[in-house]
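First residue of the sequence shown: 2, per this note's numbering; consecutive thereafter.
Beta carbons: idealized from backbone N, C-alpha and C, even for Gly.
Some notes on the structure that comes next.
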Amino acid sequence: MWWFQEGLCVLPVALVIWTSATFIFAYITAVLLRHVDPLVPYISDTGTVAPERCVFGLMLNVSAFLGVATMYVRYKQLQALVDVDDTRLNRLNRVGLVLGCGSSFGMCVVANFQKTTLFSMHLVGAVLTFGVGALYVFIQTLLSFLMQPHVHSKAVFWTRLSIGGWTLASIISMFVSSVIMYSSLPGVEVNKKLHWTPGEPGFTPHIISTISEWSLALSFVSFFLTYIRDFKKINLRAEAQLQSNHLYDSHHHRPVSSRGPTETSPLLAGSI
């Protein structure tokens, strides 16, 4: 058995690889087609112009789905590990799942509302993705702290805390530099500006802002890498529980064998 076949660690692995491939593919395509400058454009800028925006949107939607699946498995894992009577940990676990789903929904908004066409919705998606996503990172870090040393090791906690600090620093840097950039370019539609010239007003804060955004995205990817070892120790299975022995809308009685509900066919039974 390969290491990524152990438990459900294939989920965070797929999330990290697919999301990284989304950013890299969109960047390479946008640069080759000269839709953006090679020097650290915004991630959203690499998915603004066709044809890369089509693939960027599709791949980012898949990343959002993988994100929800990964966060749900994480939720179920902690739910199984935490004592039922520990209301604080169970509440934090539920809050983490809600925040994680909100962040994934924000990724869908970012993917489908380009900044050059509907900037307000794109901004809402970015706040959900990065802002709510950062809260998810902090909640999971707090859970790791509260569950050590019996469930989580101190090394895992400190690793996640370091990534959380990296995430926070990137958010602050991106916010401050973006404010300076927009104030340096009054009357300019910065959201539609895809090409920048070194030395022009707002260029330096623009570069700092884009580097901070890439750093923020990388911090999220790195955080999910810490799930790989944990996910090796969990499996989920679906169990069907029938509420009735038939699929009719009205009352219909059909005897059920001792082994449970079965499916019969007149043709297979030899009837005409």
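* For the putative contact between residue 129 and residue 154, defined by C-beta atoms under 8 Å, what is the C-beta separation to the nearest angstrom? -> Contact doesn't hold; Cβ gap of about 31 Å is too wide.
* How about residue 66 and residue 23: do their beta carbons lie closer than 8 Å? -> Not closer than 8 Å, so no.
* To do: State the Cα-Cα distance for the pair residue 119 and residue 41, rounded to the nearest angstrom.
  => Cα-Cα distance, rounded: 22 Å.
* **Limits of the alpha helix (DSSP H) - the one that residue 75 falls within** => Residue range 53 to 82 is occupied by the alpha helix (DSSP H) that includes residue 75.
* Are the beta-carbon atoms belonging to residue 122 and residue 133 less than 8 Å from one another? -> Not a contact, by the Cβ cut-off of 8 Å.
* Asked: Using the C-alpha atoms, what's the distance from residue 171 back to residue 115?
  -> Looking at the two C-alpha atoms, the distance is approximately 22 Å.
* Excluding the 5 residues preceding and the 5 following residue 79 in the sequence, name in chain order all residues of the same chain whose CB lies nearer than 6 Å to its CB. => Same-chain partners within the cutoff: 94.
* To do: For residue 55, count neighbouring Cβ atoms within 10 angstroms of its own Cβ and tell me buried if that reaches 16, exposed if not.
  => Taking all protein chains in view, the Cβ of residue 55 is surrounded by fewer than 16 other Cβ atoms within 10 Å, so the residue is classified as exposed.
* Asked: To the nearest angstrom, how far is it from the Cα of residue 189 to the Cα of residue 112?
  -> C-alpha of residue 189 to C-alpha of residue 112: approximately 24 Å in a straight line.
* Any idea what DSSP makes of residue 240, helix, strand or coil? -> DSSP places residue 240 outside both helix and strand once states are collapsed to three, so it counts as coil.
* Going by other Cβ atoms of all chains shown within 10 Å of its Cβ, with 16 needed for buried, is residue 168 buried or exposed? -> By the 10 Å Cβ count, residue 168 comes out buried.
* Compare the C-alpha of residue 28 against each of 217, 14, 16, 50 and name the closest. => The residue among 217, 14, 16, 50 with its C-alpha nearest the C-alpha of residue 28 is 50.
* Asked: With DSSP run on the structure shown, which of helix, strand or coil describes residue 46?
  -> Residue 46 falls in the helix class under three-state DSSP.
* In three-state DSSP terms, what is residue 20? -> DSSP, reduced to helix, strand and coil, places residue 20 within a helical segment of the structure shown.
* To do: Spatial neighbours of residue 207 within its chain, please: CB distance less than 7 Å, with the 5 preceding and 5 following residues excluded, ordered by chain position.
  => Within the same chain, residue 207 has close Cβ partners 182, 197.
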